[in-house]
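The block underneath contains the structure these notes are about, expressed in structure tokens.
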Ligand code: G3P
């Protein structure tokens, strides 16, 4: 499963990239607005850090405007994936953009039927928002499972990008379900790398090794040559 970070924060992106596990980035207008930077400049900088798909979202809501905005965003970098909302006008735009060879991530997906339509329109990625579904007592991961079944039934190549991930269990479930991608906040990435038994185990290994080195030191002759002088004296060498 590919791991994407759901953020527009450059220090989080740099840090995750240095771990060697980062495959791509998703952003949205809410995340970008938090950074207080010029949108295109920020996206360009993200693309210079991560060599993988970077989703940049349109804010237009009519077909022609979405297409126009999408074409502009796609010019920023070859790794740009244009993110389009799952509305009728959005689907129309997906058809046009994908026919031009531009990769589109269809976002704000909350049902498997919506995902079917996105695939038919030519989406490269579909983003089911599982956390927001869980928030209203719907099983978000069940939707991911249904999408997987439908896409497999008909051989759609649209990749499932599980989004709105809130905790480590969401990542685990997405991976078990066979989601192609999971996009998560940096906080969740930090949570999934940690395990208390790893920390305890490492502490024990290091203290045992330290003890071993100290014991080994007591078997060795002192480095100042005093042991040699004692041995020479004992054998009558002057
Ligand atoms: O990028 C879209 C999605 O992941 C948003 O997540 O936590 O705002 O529901 P959230």
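In my numbering, the protein residues as written are 891 to 1128. All C-beta atoms, glycine included, are put in the ideal place defined by N, C-alpha and C. All values derive from a computational prediction rather than experimental measurement.
Straight-line CA distance for residue i to residue j?
i, j, result
"residue 1026", "residue 1104", "59 Å"
"residue 931", "residue 1038", "35 Å"
"residue 976", "residue 905", "32 Å"
"residue 1100", "residue 922", "48 Å"
"residue 867", "residue 1010", "A query on residue 867 cannot be resolved here, the shown segment of the chain reaching from 891 to 1128 and no further."
"residue 1041", "residue 951", "26 Å"
"residue 886", "residue 1059", "Given that the chain is displayed from residue 891 to residue 1128, the structure contains no residue 886 and the question cannot be resolved."
"residue 886", "residue 1096", "Lying before the first or after the last residue shown, residue 886 is absent from the chain, which here runs from 891 to 1128."
"residue 998", "residue 1088", "37 Å"
"residue 954", "residue 1086", "52 Å"
"residue 1082", "residue 1068", "18 Å"
"residue 1080", "residue 1031", "21 Å"
"residue 996", "residue 1093", "46 Å"
"residue 1078", "residue 896", "10 Å"
"residue 903", "residue 1075", "10 Å"
"residue 1001", "residue 1102", "59 Å"
"residue 944", "residue 937", "7 Å"
"residue 926", "residue 967", "21 Å"
"residue 935", "residue 960", "18 Å"
So, is residue i buried or exposed, given that buried needs 16 or more other C-beta atoms within 10 angstroms?
i, result
"residue 1090", "exposed"
"residue 1063", "buried"
"residue 1110", "exposed"
"residue 1044", "exposed"
Report yes if the CB atom of residue i is closer than 9 Å to the CB atom of residue j, and no otherwise.
i, j, result
"residue 914", "residue 929", "no"
"residue 1019", "residue 1054", "yes"
"residue 1007", "residue 981", "yes"
"residue 946", "residue 970", "yes"
"residue 907", "residue 939", "yes"
"residue 1013", "residue 984", "yes"
"residue 948", "residue 974", "yes"
"residue 1051", "residue 917", "no"
"residue 1072", "residue 892", "yes"
So is residue i in contact with chain C if we call contact Cβ pairs under 9 Å?
i, result
"residue 1101", "Although the question refers to chain C, the structure presented lacks it and comprises just one protein chain."
Residue ranges of each alpha helix (DSSP H) run of no fewer than 4 residues wholly in the segment 1045 to 1074, ordered along the chain?
1058 to 1067
Enumerated in chain order, which unbroken segments of the alpha helix (DSSP H) with a length of 4 residues or greater are wholly contained in the segment 966 to 1003?
978 to 989
As an exercise, report each continuous alpha helix (DSSP H) stretch of at least 4 residues that is fully enclosed by the segment 902 to 964, in chain order.
919 to 925, 929 to 939 and 953 to 964
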